[in-house]
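With our numbering, you'll find the sequence shown wraps up at 196, consecutive numbering, no jumps. Where a beta carbon is used, it is the ideal one built from N, C-alpha and C, also for glycine. Everything on this sheet refers to the single structure shown next.
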Amino acid sequence: MKNIALILLLALSTLCAQEEKVLPKPNLDRGDSVMRAFSQRSSTKSFSVRKPTIQDISDLLYAANGVNRPESGKRTAPSALNRQDIKIYVCMEEGAYLYNAKRHSLELISKSDLRQSQAPICLVLVSDYNDKWSGLDAGIVSQNISIFCAGTGLGTYPHTTMDKSALISGLKLSGSQTPMICNSVGYAK
Ligand SMILES: Cc1cc2nc3c(=O)[nH]c(=O)nc-3n(C[C@H](O)[C@H](O)[C@H](O)COP(=O)(O)O)c2cc1C
8 MKNIALILLL ALSTLCAQEE KVLPKPNLDR GDSVMRAFSQ RSSTKSFSVR
58 KPTIQDISDL LYAANGVNRP ESGKRTAPSA LNRQDIKIYV CMEEGAYLYN
108 AKRHSLELIS KSDLRQSQAP ICLVLVSDYN DKWSGLDAGI VSQNISIFCA
158 GTGLGTYPHT TMDKSALISG LKLSGSQTPM ICNSVGYAK
């Protein structure tokens, strides 16, 4: 009996491992100075086919809303009442993932292409709420993404134009979760 339980546990952990991609450590030495990044910030709306690397994705997500103080679990983006309500869904051609900031990993949500533009990556910022604070919290994460991209040679633009109902069903969002804004990300054409 004990053996069967062990085999089941092993099978389950293998299954879970397949559904989660642990990201490389963020590179904290990367990028231009903050002031240079501000001087470069602009919306990029035309993207090359060049795909961001896994390190780009790791750094991008850390900058967007990663855990920068593991002792308290607090994040690179502030949030009203420290609700940490903004979830980042990473939509790529091969599928959509939920960023797990605590584990700095990607959890597979769907194998469908749910991107909302021609960019290789669309970061869909979803709030757990739909109240006066959720738009502010999403805006701050979106700006973290813009400044990261400006300082590292990536391109992005924020957009509220998106197929919300396709995202709600494709990303399996619960009734209280709201797609607030999307940042398309890639290298400029
Ligand atoms: C809240 C918000 C929503 C936006 N929505 C869209 C959008 O739906 N489609 C789009 O092409 N650009 C969108 N943009 C990008 C703006 O068009 C862009 O920021 C503006 O033209 C200024 O250009 P810049 O970002 O290069 O300074 C949005 C920007 C913000 C801040």
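Hey, residue i and residue j: beta-carbon distance below 7 Å or not?
i	j	result
I188	S141	no
D138	D92	no
A103	Y96	yes
V192	T163	yes
Y194	S65	no
A84	G158	no
Using DSSP's beta-bridge definition, name the partner residues of residue i.
i	result
Y164	S191
K28	L113
T185	S134
V74	R82
F155	Beta-bridge pairing links F155 to no other residue.
Name the residue from the options whose alpha carbon lies nearest to the alpha carbon of residue i.
i	options	result
A165	G182, K81 and G146	The residue asked about is misnamed: residue 165 is Pro in this sequence, not Ala. Checking every option, the nearest Cα to that of P165 belongs to G146.
Q123	G80, S183, K171 and G160	K171
L115	C98, Q125, C129 and T168	C98
R82	D63, R110, R57 and K58	R110
D36	N190, S112, F155 and A126	F155
C197	G80, N34, T167 and E26	Outside the shown range of the chain, which is 8 to 196, sits residue 197, and nothing can be said about it.
D63	P127, K94 and S50	P127
Q47	V74, E78, S112 and G160	G160
N72	Q125, S112 and S176	S112
Quick one: Cα of residue i to Cα of residue j, how far?
i	j	result
N89	D135	13 Å
E101	D120	6 Å
T60	P31	11 Å
Y69	I152	9 Å
L15	Y106	Only weak support is given to the placement of L15: the predicted model assigns it a pLDDT of 42, under 50, and the question is left unresolved by the model.
L178	S117	7 Å
S181	A173	13 Å
K52	M169	14 Å
Sequence ranges, beta strand (DSSP E) only - wholly within the stretch 78-148, length at least 3: 93-99, 102-107, 112-117 and 128-134
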